[in-house]
Amino acid sequence: MPQVSQNPRVTFAIRHEDEHLVVVEKPSGRVTQPGVGHQHDTLLNGLYAKYERRLSQLGEKRDHGLVHRLDRETSGLLAIALSRPAYDGLRAAFEARTVRKFYWAVVKKAPTEPKGVIRLPIEESVRRKDRYTSVKRAKISSEGKPALTAYRLLAESPYAAMIEARPITGRMHQIRVHMNAINAPVLGDDLYAPATLQNSAPRLALHAHRIAFEHPVTGEQIDVRSPWPRDLRSLLRKLSLPRPDLPGEQSGQPRDEDDSTDAGDELRGDPIGEQDTGLGE
């Protein structure tokens with residue numbers, strides 16, 4: 007990644023901030039980091055407008071503080087390191103899979119099982135469209151890398167369903183590919199959902215609403231949450247689905263720490279895809 011320029015016009019909500027790291031909320035439609043066609047309008051350009059001194063000290067070697075990313079159309083929480091100890095510690099935590107990330111998704115219909123673990127390997131590919139652009143895709147394949155997604159049903163209506171998902175592994179487009187594989191594609195997904203569902207939402211109905219981890223420097227337990235995004239609230243009304251962030255509106259009350267989407271249970275659940283002779287195990 008080349009030198010990152012500042013862009014104060016790129017705005018974001020700060021959900022947690024200390025001297026070592028920040029957790030921000032990325033809006034849908036915003037690319038996370040600079041690339042072809044998006045050198046100056048990404049989230050990282052906006053972060054540089056506020057944290058340039060600390061992020062530039064991390065530099066390209068430490069990804070300018072980025073320890074994970076979100077797809078352009080996915081909204082929600084991202085943790086950004088502001089110091090070397092925080093970056094190194096967070097990277098180690100992601101590799102050890104001790105960072106817990108939770109997503110809300112509006113899907114075509116409720117999965118067959120109300121909760122479980124999808125164990126299906128994902129193969130990633132890049133197809134070049136022209137000299138300057140390419141399309142990244144993922145698919146279920148025995149040639150792919152192991153991928154695990156824990157999920158639970160929060161609410162359903164005659165028109166759609168709301169699920170919460172926790173990707174245990176971090177494969178490209180993992181939740182989108184896995185939900186489509188169990189016939190519960192995410193609404194508004196223009197890559198993996200059937201054509202009839204690609205325009206069924208104002209945008210991809212996927213939101214990273216919670217991230218929890220041990221602070222890599224202080225050891226404090228960090229647990230940051232985000233409300234259901236404003237630009238998808240009308241979609242829930244249209245589909246007769248309750249907001250998942252309002253306690254008492256639906257069966258998905260704020261989760262207990264031993265819920266099936268938390269660490270531990272997701273590997274012991276009744277996994278979708280086990281009929282594929284252990285693919286992804």
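Here the numbering used here is used: the first residue of the sequence shown is 7, the next is one more, and so on. C-beta: ideal position from N, C-alpha, C; glycine also.
What's the gap between the Cα of residue i and the Cα of residue j?
i, j, result
"alanine 153", "proline 117", "18 angstroms"
"isoleucine 146", "histidine 179", "11 angstroms"
"threonine 80", "lysine 32", "8 angstroms"
"isoleucine 174", "arginine 216", "14 angstroms"
"leucine 53", "serine 34", "16 angstroms"
"valine 230", "glutamate 170", "16 angstroms"
"arginine 158", "lysine 121", "4 angstroms"
"isoleucine 188", "glutamate 23", "38 angstroms"
"glutamine 12", "glycine 41", "15 angstroms"
"lysine 67", "glutamine 227", "27 angstroms"
"leucine 61", "alanine 55", "10 angstroms"
"asparagine 205", "aspartate 195", "8 angstroms"
"alanine 102", "arginine 249", "32 angstroms"
"threonine 224", "glutamate 58", "23 angstroms"
"glutamate 130", "serine 89", "31 angstroms"
"valine 141", "histidine 74", "19 angstroms"
"phenylalanine 100", "alanine 190", "27 angstroms"
For residue i and residue j, which I take to be in contact (beta-carbon distance under 8 angstroms), what is that distance rounded to the nearest angstrom?
i, j, result
"valine 192", "isoleucine 128", "Actually they are not in contact, since the Cβ atoms of valine 192 and isoleucine 128 sit about 15 angstroms apart, beyond 8 angstroms."
"leucine 4", "glutamine 45", "No answer is possible for residue 4: it lies beyond the span of the chain, which begins at 7 and ends at 287."
"proline 289", "proline 222", "Residue coverage of the chain in this structure runs from 7 to 287, which leaves residue 289 outside it and unanswerable."
"valine 296", "histidine 70", "In the structure as shown, the chain begins at 7 and stops at 287. Residue 296 is therefore absent and cannot be evaluated."
"methionine 168", "leucine 238", "That pair is no contact at about 11 angstroms."
Beta-carbon separation of residue i and residue j under 8 angstroms?
i, j, result
"arginine 21", "serine 163", "no"
"leucine 64", "alanine 87", "yes"
"alanine 207", "leucine 252", "no"
"alanine 161", "lysine 115", "no"
"valine 29", "leucine 83", "yes"
"tyrosine 93", "isoleucine 181", "no"
"arginine 243", "leucine 197", "no"
"arginine 106", "arginine 78", "no"
"leucine 76", "alanine 214", "yes"
"lysine 151", "arginine 125", "no"
"leucine 245", "valine 112", "yes"
"threonine 104", "phenylalanine 219", "yes"
For residue i, which beta-bridge partners are listed by DSSP?
i, result
"phenylalanine 100", "Answer by DSSP bridge pairing: none, since phenylalanine 100 is not bridged."
"tryptophan 110", "Glu170, His213"
"aspartate 229", "Ala218"
"leucine 72", "Ile86"
"alanine 144", "Glu130"
"histidine 44", "Gly41"
"arginine 125", "Leu154"
"valine 351", "As shown, the chain starts at 7 and ends at 287. That puts residue 351 outside it, with no answer to give."
"valine 192", "Val113"
"leucine 159", "Ile169"
Please classify residue i as buried or exposed, where buried requires at least 16 neighbouring CB atoms within 10 angstroms.
i, result
"glycine 43", "exposed"
"valine 132", "exposed"
"alanine 156", "buried"
"serine 148", "exposed"
"histidine 26", "buried"
"asparagine 186", "buried"
"threonine 48", "buried"
"glycine 270", "Low confidence applies here, because glycine 270 scores a pLDDT of 38, under 50, leaving its location unreliable; read the following figure in that light. Per the 10 Å Cβ criterion, exposed."
"proline 235", "buried"
"arginine 172", "buried"
"proline 200", "exposed"
"arginine 209", "buried"
"glycine 95", "buried"
"alanine 85", "buried"
"alanine 98", "exposed"
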